[in-house]
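Heads up: take any position in the sequence shown, counting from 1, add 1355, and you land on our numbering.
Please read the structure below before turning to the comments.
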Amino acid sequence: MSRITIGSPEPAADDGIRTDDMVWIPGGTFRMGSDHHYPEEAPSHQASVDGFWIDRTPVTNARFRAFVRDTGHITVAEQPPDPAQYPGALPEMLFAGSLVFQPPRRLQTLRDWSQWWTFMRGADWRHPYGPRSNIDKLGSHPVVHVAYADALAYAKWAGKDIPTEAEWEFAARGGLEAEEYAWGGAFTPDGVHMANTWQGDFPLQNLREDGFERTSPVTAFPPNRYGVHDMIGNVWEWTTDWWSARHEADAVKPCCIPQNPRGGREDASYDPALPAIRIPRKVLKGGSHLCAPNYCRRYRPAARHAEPIDTSTSHVGFRCVVRPPAAVSHPPK
């Protein structure tokens, strides 16, 4: 079991930096991505990141509620879409809402995600499964139905930031190099579930062998070797990087290994399948409770997924980072 090259020690305490309930990640050089799974994860390549703090868990409903109470923030899901951004959309479809997973009664093909995703009126962070649901007993669960702008607004309020893809993946690996999973080489070591994922035939049958059908409390599963919980499974997490279809290849010379890489370009992140809709996409990491062996095997640190910045769903959340003052500048918006 090889180890990642570790970088800087934790800086001395600074009253200007809020790092409560965060974990110091020492930074270093590691192999990012994978050559053995989905094409967007390739090529595996060396990258380096400076040390940073990362939230011990995803942002919970309780924490997000405190942010909303303090700021009055209204999430993207609580606002009707702007018709100008969606040419050709039917007026009756432009209502406030969000995407909610609902198992279909029957399945025709796994290629058509609209069979199990519904854009539901009244679904938002307070009502994760529709207007009649609530989060009264879900305070320790990750907040969902947050678009990128909502995550960024929370981060600014908290004096933090959204992680880059490289920072996120480095933290998720927990000091392990070239392992499939955040905890080692076996998905369920000795039969133990290490993350909230889907067991059974997705999307029809969830056996709930890990104890959960939907989201779970953010400390329900063991932390990785850095002491960080839920980097894999439960909910996908936003990063600040614009989506790119592939990684850059290894640098020609060791001296040219990317330091604190920032991913692709905004103008290259649009979905080519929707040329009329110019909504840029960010990189999501970590997989979710809907990732299954027969569909979306993205419960790995190297896995990545494209998400339009205007989109919120019942399986996407986020966590924050804090970088020391001497670290790289604020990521692009």
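The beta carbon of each residue, even a glycine, is placed where N, CA and C say it ideally should be.
- Contact check for Gly1672 and Val1423: beta-carbon distance about 15 Å, past the 8 Å limit, so the pair fails to qualify.
- The segment 1384-1441 contains, as complete beta strand (DSSP E) runs of 3+ residues, the segments 1400-1404, 1407-1410 (chain order).
- Under DSSP, Lys1637 forms a beta bridge with Trp1597, Glu1662.
- Shown here, Phe1567 sits in coil according to DSSP, grouped into three states, outside any helix or strand.
- The C-beta of Asp1596 has 16 or more other C-beta atoms within 10 Å across all chains shown, which makes the residue buried.
- Proximity of the segment 1582-1590 to the segment 1407-1416 meets the contact definition, three or more beta-carbon pairs being nearer than 8 Å.
- Going by C-alpha positions, Asp1491 is about 20 Å away from Phe1456.
- Spatial neighbours of Gln1614 in its own chain (CB-CB distance under 6 Å, excluding positions within 5 residues in sequence) are listed in chain order as Ser1403.
- Taking every protein chain shown into account, the CB of Met1448 has fewer than 16 other CB atoms within 10 angstroms, so this residue is exposed.
- Here Asn1489 is exposed. Its C-beta has fewer than 16 other C-beta atoms within 10 Å.
- Secondary structure note for Arg1528: its alpha helix (DSSP H) is the uninterrupted segment 1520-1528.
- With contact defined as three or more Cβ pairs closer than 8 Å, the segment 1604-1622 and the segment 1540-1556 are not in contact.
- Apart from sequence neighbours up to five positions away, the residues of its chain that approach Asp1556 with a beta-carbon distance below 7 Å are Asn1649, ordered along the chain.
- Contact between the segment 1625-1635 and the segment 1560-1579 is absent: fewer than 3 CB-CB pairs across the two stretches fall below 8 Å.
- In the structure shown, the three-state DSSP call for Ser1469 is helix.
- Residue pairing for Tyr1503: DSSP places it in no beta bridge.
- Looking at the DSSP output, Met1475 bridges to Ser1453.
- With a 10 Å radius around the Cβ and a threshold of 16 neighbouring Cβ atoms, Gly1427 comes out exposed.
- Secondary structure of Glu1621 (DSSP, three-state): helix.
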